[in-house]
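Colleague: Below are the structure tokens for one structure; questions will follow.
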Amino acid sequence: MNHVLVRTVISETAVAAGLPEKQVWGNPSESDNLTLKRPRLEVDILPETYTRTGRKLASARSDGRQTVKKEVYAARQEVTCHVLAEDEAWLTHFCRDFLEMLPRGINDEAGNYVKITASEATFSAPKAKRVGTAEIKILSRVDTLLLIVFTWRITTEIHKDLIKSINIKPPLWGKGADNGEEN
Numbered sequence: 001m002n003h004v005l006v007r008t009v010i011s012e013t014a015v016a017a018g019l020p021e022k023q024v025w026g027n028p029s030e031s032d033n034l035t036l037k038r039p040r041l042e043v044d045i046l047p048e049t050y051t052r053t054g055r056k057l058a059s060a061r062s063d064g065r066q067t068v069k070k071e072v073y074a075a076r077q078e079v080t081c082h083v084l085a086e087d088e089a090w091l092t093h094f095c096r097d098f099l100e101m102l103p104r105g106i107n108d109e110a111g112n113y114v115k116i117t118a119s120e121a122t123f124s125a126p127k128a129k130r131v132g133t134a135e136i137k138i139l140s141r142v143d144t145l146l147l148i149v150f151t152w153r154i155t156t157e158i159h160k161d162l163i164k165s166i167n168i169k170p171p172l173w174g175k176g177a178d179n180g181e182e183n
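See the structure below:
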């Protein structure tokens, strides 16, 4: 699938949910987690999976040609969206808005429908630092890992010319007909 399409859908949804466009990152930045500004969204595209199908999807005739559209593969693309924030209330509100604004689906460049679903959400926060019974809060950083799934079809079209006319000459049987026998 076109990774630009995946990133565009995620970026537009994040901006619509209230995140600045500059805060949507293409790759996870685990090595530089402290210096990058929060809140931010890190998008990681996981490997695609394919299932060979060969289903017939549509058949149409026009101008003496038949066009058959066949599904060659059913494909699935998982994308992790790591939302990092400093405020748990903002994170909860943003994740809810992000999931509400995530489109059900779009059409790809081939005109095939791409279904978009949110599969999982995993919240995490650092463990509390304690000295005796007192809790010390140094940084209040929280994050949620969302798993977004894109499913679509890889299709092909087969074009066949139709037979436009048939000329059948019936054999002449009987007296005087040349039916291949000698009298």
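Note that the sequence shown covers residues 1 to 183 in our numbering.
No residue lacks a Cβ here, since even glycine has one placed at the ideal position from N, Cα and C.
Treat the numbers as computed from the prediction; the structure is a model and nothing was measured.
(1) Should the stretch 12–25 be called in touch with the stretch 59–66, which here means at least 3 C-beta pairs below 8 angstroms?
(2) Would Pro142 pass as a contact of Ala125 if the rule is Cβ separation under 7 angstroms?
(3) Can you give me the C-alpha to C-alpha distance between Glu86 and Ile45, rounded to a whole angstrom?
(4) Could you tell me the alpha carbon to alpha carbon distance between Tyr73 and Lys115, rounded to whole angstroms?
(5) Can you name the residues that DSSP bridges to Leu147?
(6) Hey, would you say Val24 sits closer than 7 angstroms to Leu41, going by beta carbons?
(7) Using a Cβ-Cβ cut-off of 6 angstroms (strictly less than) and excluding sequence neighbours within five positions of Ser192, which residues of its own chain qualify?
Modeller: A quick look at the data gives this:
(1) The answer is no - the stretch 59–66 does not touch the stretch 12–25, with fewer than three Cβ pairs under 8 angstroms.
(2) The question names Pro, yet the displayed sequence has Val at residue 142. Yes, these two residues count as a Cβ contact at 7 angstroms.
(3) Our two residues, Glu86 and Ile45, have alpha carbons roughly 24 angstroms apart in a direct line.
(4) Using only the alpha carbons, I get a separation of about 15 angstroms.
(5) Answer is Thr80 and Glu120.
(6) Between Val24 and Leu41, the gap from beta carbon to beta carbon is short of 7 angstroms.
(7) Residue 192 lies beyond the stretch modelled for the chain, which goes from 1 to 183, so this question has no answer here.
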